[in-house]
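Below is one structure, written out as structure tokens; comments come after it.
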Amino acid sequence: MINRAIFLFLWVGLSITGLYSQVHIAALEHGSFMKRHEFKETIPDDLVAADYLVIKQVEFEGNESTRHHILQRELVFSPGDTIRKDELARLLQQSRENLLNTSLFNFVDVSLFVHDFLPAANVKFTFVERWYIWPFPIFEIAERNLNDWISSPSFHRTNYGAYIVKENFRGRMERVSILARAGYRQNYSINYTIPYINQAQKLGLGFSVGLNLRNELEYMTQGNTQVFYSEDGVNALNHFYAHTRVFYRQGIHHTHNFSLGYNRYRFADSLLVLNPQFSPGSETRAPFFSLGYEFRKDHRDIRAYPLRGYYFDIRLLRQGLGLLRNEKMDMTTAETSIRRFWELHPRWFFAAGINAKVSFGDFQPYYLQQGLGFRGDIVRGYENYVIDGQHFGVLKSNFKYALIPNTVTRIGFINNEKFSLIHYALYVNFFTDIGYVRDTYFFKGNPYSNTFLGGSGIGLDLVTYYDKVFRTEFSLNRHGDVGVFLHLIAPI
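The number in the working numbering is simply the position in the sequence shown, starting from 1, with 1 added.
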């Protein structure tokens with residue numbers, strides 16, 4: 002009788018314990034006995050009692066188009082991971098920033114559900130996806146930058162046409178674009194990018210093919226201003242290209258890009274008369290293959306307008322592989338960019354960046370070499386000038402204050418959340434840039450080549466959704482030029 006009583010007591014105790022465990026597991030899975038915290042960069046000390054947490058579940062909500070495996074690729078933790086309490090906020094914030102940097106979402110919110118009795122938690126990500134298909138007409142300025150057109154406005158130098166792009170194609174972060182652009186810079190192209198082609202989501206591919214046509218083309222630089230050639234009924238430039246790219250993304254922050262391209266240039270005869278150094282081998286036809294490599298290490302918080310973190314890249318490009326009988330192109334280029342961003346105090350920030358380039362070859366043709374004045378390679382204050390050269394270095398610095406920190410609001414008369422829910426911020430910044438361009442071939446008549454460049458000023462930056470940046474800057478350069486300039490990308 003005693004043995005039976007002991008057995009019955011043990012059986013009842015184990016049953017109650019098992020039932021209690023099942024209730025707790027069910028409660029954890031369905032959200033009972035859990036405190037909810039809307040994560041905003043920090044976690045209250047009293048929210049988590051234990052020194053560690055086990056992540057039981059990761060949930061996604063609002064990703065109507067985006068596949069789960071694309072989202073999971075950006076997380077720095079997984080279900081089942083044990084995370085120290087003092088590391089939890091950093092990992093949640095980093096995962097949120099990684100998701101925002103895919104450019105698939107306007108908003109990413111993180112909710113943490115902490116169990117009342119167990120050292121365990123669920124994490125929920127809530128998204129507002131962007132609008133992914135953009136069929137729209139083109140009417141754009143065809144100059145190197147907006148300031149170049151403002152200094153000499155002409156509707157002759159505008160582009161028009163149609164552009165169709167499908168972002169996040171198939172919900173896999175793929176990108177397909179078709180461009181038909183007429184006007185000053187004619188371009189007809191098809192591009193397709195697949196970020197991941199293997200199960201491990203490390204390998205990707207990209208393809209592009211296109212045709213560029215120009216009726217007017219720069220053939221020389223005088224006084225650090227481009228001089229143009231045009232002739233009625235004659236294409237000054239006919240450029241066909243086909244490129245393929247292979248991407249290898251190692252972890253979250255490291256990416257390797259390999260590219261192989263074919264280019265076929267045809268130039269008007271008159272360009273070679275005006276400038277015998279215009280094209281490879283001083284020929285009207287310039288076909289060649291190219292091979293490129295790029296490594297990126299990207300630890301910026303938000304890539305479109307970073308405030309914290311750092312970035313490094315190195316780019317190598319060999320143009321002319323000797324595979325074609327009449328291949329005259331012979332140029333090797335190496336470029337690098339190093340950028341660092343600091344939050345000095347709430348609303349106060351500092352950033353510095355270095356861009357540098359060196360290029361080598363028996364002869365570097367005018368049309369296929371670039372110094373400062375293109376893309377983001379400028380010393381602020383010299384936006385109206387082209388400074389040709391084979392080698393350059395630029396140091397940029399920015400000190401800024403958030404007049405309006407990042408603010409979220411809703412446009413009441415728009416029903417679609419992809420457009421009605423917006424965020425914006427406004428910064429005032431003080432900047433100083435210095436640079437130098439070394440030019441061996443085309444420096445005569447161009448006073449800003451082979452000399453020290455410097456510029457300083459003050460600006461206003463407006464940052465909003467869809468990675469849009471609008472900058473207005475007043476600057477003074479070392480040579481006494483004063484101007485107000487507009488830009489549509491982050492300064493560093």
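Positions of the beta carbon are idealized from the N, C-alpha and C atoms, including for glycine.
Check                                                                                                                                                                    : Outcome
May I have the straight-line CA-CA distance separating L273 from R265, to the nearest angstrom?                                                                          : 17 Å
What would DSSP say about D299, mapped onto helix, strand or coil?                                                                                                       : strand
So, at 6 Å on beta carbons, what are the nonlocal neighbours of R319 in its own chain, with the 5 sequence-adjacent residues on each side left out?                      : L292 and T333
Thinking A491 and A353 are a contact (beta carbons under 8 Å), I'd like their distance in whole angstroms, please.                                                       : About 13 Å; that fails the 8 Å criterion.
Can you tell which of G282, H116, D482 and G224 has its C-alpha closest to the C-alpha of F364?                                                                          : G282
Would you grab the beta carbon distance between K397 and D434 for me? Rounded to a whole angstrom, and I think it's under 8 Å.                                           : 5 Å
Out of S260, I303 and F268, state which residue places its alpha-carbon closest to the alpha-carbon of F290.                                                             : S260
Where does N99 fall in DSSP's three states?                                                                                                                              : helix
Strictly by DSSP, which residues pair up with Q58?                                                                                                                       : N123
Mind listing, in chain order, the continuous alpha helix (DSSP H) runs of no fewer than 4 residues lying wholly within the region 263-328?                               : 270-275
With 16 as the cutoff for other CB atoms within 10 Å, does F453 come out buried or exposed?                                                                              : exposed
When the distance is taken between beta carbons, is M221 closer than 8 Å to V228?                                                                                        : yes
Could you give the first and the last residue of the continuous beta strand (DSSP E) run that contains S178?                                                             : E175 to G184
Kindly indicate the opening and closing residues of the beta strand (DSSP E) around E219.                                                                                : E217 to Q223
Within the same chain, show all residues whose beta-carbon is closer than 8 Å to that of I303, passing over the 5 residues directly before and after it, in chain order. : E98, L101 and N102
Where does E344 fall in DSSP's three states?                                                                                                                             : strand
If we ignore side chains and look at the alpha-carbon of each, how far apart do I1 and F61 end up?                                                                       : Absent from the structure is residue 1, since the part of the chain shown begins at 2 and ends at 493.
Within 10 angstroms of its Cβ, does P288 collect 16 or more other Cβ (buried), or is it exposed?                                                                         : buried
In chain order, what residues of the same chain lie with their CB nearer than 8 Å to the CB of Q23, ignoring the 5 residues before and after it?                         : Any reading at Q23 is ruled out, since the residue's pLDDT is 46, under 50, leaving its predicted position unreliable.
Between which residues of its own chain and S190 is the CB-CB distance below 8 Å, once the five residues before and five after are set aside?                            : S178, I179, L180, S209, V210, G211 and L212
Does the count of Cβ pairs from the region 235-249 and the region 64-72 closer than 8 Å reach three?                                                                     : no
What's the call for R37, buried or exposed, on a 16-neighbour Cβ count within 10 Å?                                                                                      : exposed
Which residues bound the alpha helix (DSSP H) around K419?                                                                                                               : E418 to S421
Would the beta-carbon of V380 fall within 8 Å of that of G436?                                                                                                           : yes
Tell me where the beta strand (DSSP E) around I71 begins and ends.                                                                                                       : Where I71 is concerned, there is no enclosing beta strand (DSSP E), although the alpha helix (DSSP H) it sits in stretches over H69 to Q73.
For G413, which residues in the same chain have their Cβ closer than 7 Å to its Cβ, ignoring the five residues on either side in sequence?                               : none
At 3 residues or longer, and completely inside the region 426-489: list those beta strand (DSSP E) runs for me, N to C.                                                  : 453-465, 469-478 and 483-488
Report the option in H116, K167, N447 and L119 whose CA atom is closest to the CA atom of P136.                                                                          : K167
What do you get for I198, buried or exposed, if any count of 16 or more other CB atoms within 10 angstroms of its CB means buried?                                       : exposed
Which of helix, strand or coil does DSSP assign to D378?                                                                                                                 : strand
So does the region 384-393 actually touch the region 463-470, counting three or more Cβ pairs closer than 8 Å?                                                           : no
Three Cβ pairs or more, each shorter than 8 Å: is that satisfied between the region 104-121 and the region 36-53?                                                        : yes
Can at least three beta-carbon pairs, one atom from the region 309-318 and one from the region 339-353, be found at a separation below 8 Å?                              : yes
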